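Okay, so here's the structure we're looking at.
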Amino acid sequence: MKVTQVEEFTKSRVRISVDEEFTFVLYKSEQHKFHIRPGEEIEEADVRAILEELLPKRAKLRAMNLLKNREYTVKQLHDKLKQGGYPEGVIQEALDYVGSFRYTDDLRYAVNFIRNHERDRSRRRIEQDLMGRGIDRNLLEKAWAEWEDEGGSQDEQGMIQALLEKKGFDFQNAEPRDRQKMFAFLMRKGFSAEQARRAVRFDECYD
Numbered sequence: 019m020k021v022t023q024v025e026e027f028t029k030s031r032v033r034i035s036v037d038e039e040f041t042f043v044l045y046k047s048e049q050h051k052f053h054i055r056p057g058e059e060i061e062e063a064d065v066r067a068i069l070e071e072l073l074p075k076r077a078k079l080r081a082m083n084l085l086k087n088r089e090y091t092v093k094q095l096h097d098k099l100k101q102g103g104y105p106e107g108v109i110q111e112a113l114d115y116v117g118s119f120r121y122t123d124d125l126r127y128a129v130n131f132i133r134n135h136e137r138d139r140s141r142r143r144i145e146q147d148l149m150g151r152g153i154d155r156n157l158l159e160k161a162w163a164e165w166e167d168e169g170g171s172q173d174e175q176g177m178i179q180a181l182l183e184k185k186g187f188d189f190q191n192a193e194p195r196d197r198q199k200m201f202a203f204l205m206r207k208g209f210s211a212e213q214a215r216r217a218v219r220f221d222e223c224y225d
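Each number in this note's numbering corresponds to the 1-based position in the sequence shown with 18 added.
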């Protein structure tokens, strides 16, 4: 096994490729400890020690430290570890580890997210945000069902009116361009085109 590339990853760490493939990221002190140099051979036993012992322990600790400060979906935590240069197999081991203690739980995350934003985001916007965090459609449906079983409900028309009032929108005196701007604003908030159209009263532009 030959070290084919060593490049700086951060000031203290290097990104190492073996046999032309990215293999792992190590601290520079660890690079020296394992005598890793471009163009030179690396012992298979050293590669196994790094991938099966050193990095899994570090990735698990990193995941635990991240979860101390806030909750993450599995995808978010995966992406955080990926940014840290951990190989896919090491990432999956860390995710399995924290998942075994239910430190990550995508259903719990989704229900809490819905609770936290039920009054300031439309259902569509909440779903877009959660799907962007790696929550799939089936899990979304379960989350909504659990939230509704707890008595959760939304008043999207009330939310729209509150947003219009906050923006100082006066539909009685609004110019067509002002209605268009407010329409676009409501669409960005995740409300349907029909809801936004009724709220800004486009039909009155043509009376």
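Beta carbons are placed, not taken as given, at the ideal position from N, Cα and C, and that holds for glycine.
If you're wondering where the values come from, they're calculated on a predicted model, not measured in any experiment.
With three or more CB-CB distances shorter than 8 Å, the region 122 to 141 counts as touching the region 159 to 178. Straight-line measurement puts the Cα of Q23 at about 58 Å from the Cα of R197. In terms of CA proximity to E71, L44 leads the group Q94, T122, L44 and E89. Across the structure, K75 and D37 are spaced so that their CA atoms are roughly 25 Å apart.
Residues of the same chain with a CB within less than 7 Å of the CB of L84, apart from the 5 flanking positions on each side, are Y90, L95 and K98 in chain order.
Distance from the CA atom of N191 to the CA atom of V218, rounded to whole angstroms, is 11 Å.
The alpha carbon of A112 has as its nearest neighbour, out of R133, A81, R139 and R142, the alpha carbon of A81. With a cutoff of 7 Å on beta-carbon distance, S35 and T41 are scored as near each other.
In this model, E25 and L79 are separated by some 25 Å (Cα to Cα).
The continuous stretches of beta strand (DSSP E) do not include Y104, and DSSP gives it neither H nor E. DSSP places S47 in the uninterrupted alpha helix (DSSP H) bounded by K46 to K51.
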